[in-house]
Amino acid sequence: SLTAGRGFLPRPWPLPFLFVTGGGYLGYQHYKRRSQEDDEAPPSLATPTQVALYHSFPTRLLSRAWGRLNGVELPTWLRKPIYSLYIWTFGVNMQEAAVEDLHHYRNLSEFFRRRLKPAARPLCASSCLISPADGRILHFGRVKNSEVEQVKGVTYSLENFLGPQNSRSKNSSLSFRDLLLSCPDNDLFHVVVYLAPGDYHCFHSPTEWKVELRRHFPGTLMSVNPGVARWVKELFCLNERVVLTGQWQHGFFSLTAVGATNVGSIRVYFDQELQTNSPCYSKGSFHDHSYVAVGDQVLKTTNEGGVVLQKGEAVGEFNLG
Amino acid sequence: STIVLLFEAPKDFIFNLQPGQQIRVGEGLGSL
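Going down the list, the sequences are from chains A and B.
Quick note, this note's numbering runs 11 ahead of the 1-based positions in the first sequence.
Quick note, this note's numbering runs 13 ahead of the 1-based positions in the second sequence.
This is the structure in structure tokens:
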């Protein structure tokens with residue numbers, strides 16, 4: 012009777028079924044994590060199977076589809092209601108936007124990349140290090156034993172995050188952390204800033220420094236919201252990211268932009284060659300671009316080998332998809 | 014999306030932050 016009735020029954024679609032059940036499962040896990048977060052309980056980490064399941068989701072494909080959707084030009088009459096809903100949902104402060112008229116933004120991607128009024132973000136003169144972005148401080152502190160905390164109690168490997176260093180082979184007896192330090196009396200510190208969907212999504216130079224190398228890690232695009240950062244160990248090493256490394260007045264300095272599902276692509280204004288969330292790159296690899304002299308070729312933007320950035324200077328932006 | 018800063022500084026570098034605090038571009042993170 013099953014064979015006879017096959018024509019009447021809807022065909023089972025394994026892929027959508029997997030998405031729906033998988034999405035429901037992850038939603039439940041997220042809900043569970045939020046409850047735990049509220050109770051300030053120690054983080055409960057995902058099992059390797061759960062991470063592998065999440066990792067296997069086509070998050071990069073979804074991200075690119077999301078980007079395409081949000082790049083579609085909206086009719087003028089539809090812009091205000093759509094953006095108003097976004098503003099209301101994510102608590103966007105439009106009074107500080109350079110252009111407050113919602114009809115000006117042709118699509119959600121443009122709205123997401125909105126600029127701020129020139130005086131909206133004064134720079135702290137008394138601090139040698141300022142925030143590179145609007146957001147929430149997820150974690151900060153000293154780096155111990157070459158392990159960095161993405162949130163309290165959940166660590167990732169510094170070497171996996173930054174990738175191998177050239178100086179590593181010269182002195183293998185030193186730890187990865189020690190190899191980065193220019194002076195043994197110094198220490199290595201870190202800060203993690205999480206940008207929520209309603210935040211201004213450009214990032215700025217946190218100090219005066221010189222960028223020498225860009226390392227692009229194409230990876231997966233899992234969510235980086237604080238709940239997931241508490242759940243997935245090494246999340247920042249799995250996701251697509253752009254690592255800028257160089258020197259500041261005290262030695263080693265790096266700024267890393269980590270992508271997420273909805274905000275999958277990263278742009279660096281002084282690097283036109285950088286292409287992120289592109290299907291031509293495979294997960295697990297990394298691609299270097301040096302800003303110092305390469306053979307006889309010296310980049311125009313360099314000053315004694317490297318891109319010099321001033322404190323507060325706009326460096327780049329995140330984009331939808 | 015997330016920004017991670019990793020940097021070398023003298024041992025007496027002090028953060029002027031609280032975990033979970035909201036921050037904006039240009040606000041001080043720490044000092045010597």
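The beta-carbon is built from N, C-alpha and C at its ideal position, and this holds for glycine as well.
Small disclaimer: the values here were computed from a predicted structure and weren't measured.
Handout entry: Outcome for Q161(A) when other beta-carbon atoms lying within 10 angstroms are tallied against a minimum of 16
Key = buried
Exercise for the section: Taking the CB atoms as reference points, tell me whether L185(A) and G146(A) lie closer together than 8 Å. Expected result: No.
Practice task
Check whether the Cβ of A108(A) lies closer than 8 Å to any Cβ atom in chain B.
Solution key: no
Handout entry: Nearest to V254(A) (by Cα), restricted to the options K155(A), F297(A), H212(A), L119(A)
Key = When each option's Cα is compared against that of V254(A), the closest is F297(A).
Problem - C-beta contact flag for L169(A) and V159(A) at 8 Å - result: yes
Problem - Completely contained beta strand (DSSP E) runs for the region 241-321 of chain A, where each covers 3 or more residues - result: 252-259, 262-269, 276-279, 298-301, 318-320
Exercise for the section: Tell me, please, whether the CB atom of H212(A) is closer than 8 Å to any CB atom in chain B? Expected result: yes
Practice task
With distances taken Cα to Cα, identify the nearest neighbour of R153(A) among E121(A), K128(A), N197(A).
Solution key: N197(A)
Problem - T60(A) classed as buried or exposed, judged by whether at least 16 other C-beta atoms fall within 10 angstroms - result: exposed
Practice task
Give a yes or no on whether the C-beta atoms belonging to F263(A) and L191(A) are separated by under 8 Å.
Solution key: yes
Practice task
Check whether the Cβ atoms of S216(A) and S44(B) lie closer than 8 Å to each other.
Solution key: no
Practice task
Using a Cβ cut-off of 8 Å (strictly closer), state whether F200(A) contacts chain B.
Solution key: yes
Exercise for the section: Quick one: residues in its chain with C-beta nearer than 6 Å to the C-beta of G209(A), no 5 flanking neighbours on either side, listed in chain order? Expected result: F101, G102, V103
Practice task
Jot down the residue ranges of each uninterrupted alpha helix (DSSP H) in the region 118-163 of chain A, minimum 4 residues, whole runs only, in chain order.
Solution key: 119-123
Practice task
Compare the C-beta of S137(A) with all C-beta atoms of chain B and state if any pair is closer than 8 Å.
Solution key: yes
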